[in-house]
Amino acid sequence: AGLDIYDARIVSTHFDAIKGRFPNSKRTLKLKATVLEGQGHFENEEKILKAILKDEPTDVVARKRRVAMLKSQGRHDQAIAALNTYLRCFMADEEAWLDLANMYIRAGLIEQAVFCLEDVLLADRYNMHMFTKYADAMYTQGDYITAKKYYVYSLSISSGVRNIRALFGLCQACSVLEITKAAVPQTQNQRLFEWGERTIIRHYLTADKTKLDTVVTALMSLRPDDATLGNSSKKKK
4 AGLDIYDARI VSTHFDAIKG RFPNSKRTLK LKATVLEGQG HFENEEKILK
54 AILKDEPTDV VARKRRVAML KSQGRHDQAI AALNTYLRCF MADEEAWLDL
104 ANMYIRAGLI EQAVFCLEDV LLADRYNMHM FTKYADAMYT QGDYITAKKY
154 YVYSLSISSG VRNIRALFGL CQACSVLEIT KAAVPQTQNQ RLFEWGERTI
204 IRHYLTADKT KLDTVVTALM SLRPDDATLG NSSKKKK
């Protein structure tokens, strides 16, 4: 708790007590590395972590601590490399795959992020947020048909929760497919768009009416040129 708020007095008092009682413990050494990170002494922290990993290469806590240290310093390329090395040994770590996916997304490496997210989906098949994130990645890659499928699946497993991000994503994907006339039944795209549109509007009517005008404007901007908000039939030319 002292480290979370970095209260130097609490940290110093309790760490000295722990070190006095368990001077040769590896857990004490890891705690010291964390204290050093809180103080901004990254070089000393890295030396300790490397020494721990030299003696015990499979130490999960030390490996993850090193990744966190690299991220906190902004050394993202090295953090990605370190996490890749970690995952070669601990391939079933779902949180590590998600962390790596997020780092790839921040770096603009969407193809690599998709690979990582697929491992997350295999481990957690009923997490609507992960399926939405995967759909976002496919949309960014320009695979709008796959993105639409995963937005729909994310909404189907939401258990009544209003997944507004997935609804907006679905509207965006359907809008692009309608405009580009992709090899998908056009009425399906239109029906899905309008269902998503109605669901979003109903949500904001009850949750936050102050944002309704902004939401309606955003939805209208997604509409193809030959469609109007709330009207399922296309305008006659």
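The sequence shown runs contiguously to residue 240 in the working numbering.
C-beta: ideal position from N, C-alpha, C; glycine also.
Fair warning: this is a prediction, and the values are worked out from it, not measured in the lab.
Proximal residues to residue i (C-beta, below 7 Å), its chain only, five neighbours per side dropped
i: residue 183; result: none
i: residue 5; result: 13, 14, 17
i: residue 113; result: 140, 143, 144
i: residue 97; result: 123, 126, 127
i: residue 45; result: 72, 76
i: residue 153; result: 134, 137, 138, 141
Start and end residues, alpha helix (DSSP H) containing residue i
i: residue 49; result: 45 to 58
i: residue 76; result: Here residue 76 belongs to no alpha helix (DSSP H), and DSSP marks it neither H nor E.
i: residue 41; result: 29 to 42
i: residue 217; result: 215 to 225
i: residue 102; result: 97 to 109
i: residue 112; result: Premise fails: residue 112 is in no alpha helix (DSSP H) and is neither H nor E.
i: residue 11; result: 11 to 24
Cutoff 8 Å; reference residue i; Cβ partners in own chain excluding five residues on either side
i: residue 133; result: 101, 120, 123, 124, 127
i: residue 67; result: 89, 99
i: residue 167; result: 203, 206
i: residue 22; result: 31, 35
i: residue 81; result: 73
i: residue 109; result: 79
i: residue 59; result: 29, 65
i: residue 106; result: 74, 79, 82, 83, 86
i: residue 254; result: What the structure shows of the chain is the stretch from 4 to 240, and residue 254 is not part of that stretch, so it cannot be assessed.
i: residue 50; result: none
Expected contact under 8 Å - CB spacing of residue i and residue j to nearest Å
i: residue 170; j: residue 203; result: 5 Å
i: residue 48; j: residue 39; result: 4 Å
i: residue 65; j: residue 33; result: 6 Å
i: residue 172; j: residue 146; result: So it is not a contact: roughly 13 Å between Cβ atoms.
i: residue 61; j: residue 92; result: 6 Å
i: residue 86; j: residue 63; result: Contact doesn't hold; Cβ gap of about 12 Å is too wide.
i: residue 225; j: residue 157; result: Wrong, their Cβ atoms sit about 18 Å apart, outside the cutoff.
Beta-carbon proximity list for residue i, same chain, < 6 Å, skipping 5 on both sides
i: residue 141; result: 149, 150
i: residue 239; result: At residue 239 the pLDDT is 36, less than 50, meaning the model places this residue with poor confidence and gives no usable figure here.
i: residue 215; result: 207
i: residue 104; result: 116, 119, 120
i: residue 160; result: 129, 131
i: residue 25; result: 31
In the segment 135 to 184, which residue ranges form an unbroken alpha helix (DSSP H) of at least 4 residues, counting only runs that do not cross its ends? The DSSP assignment places 147 to 159, 167 to 183 as complete runs of the alpha helix (DSSP H) inside the segment 135 to 184, in order along the chain (cut-off: 4 residues).
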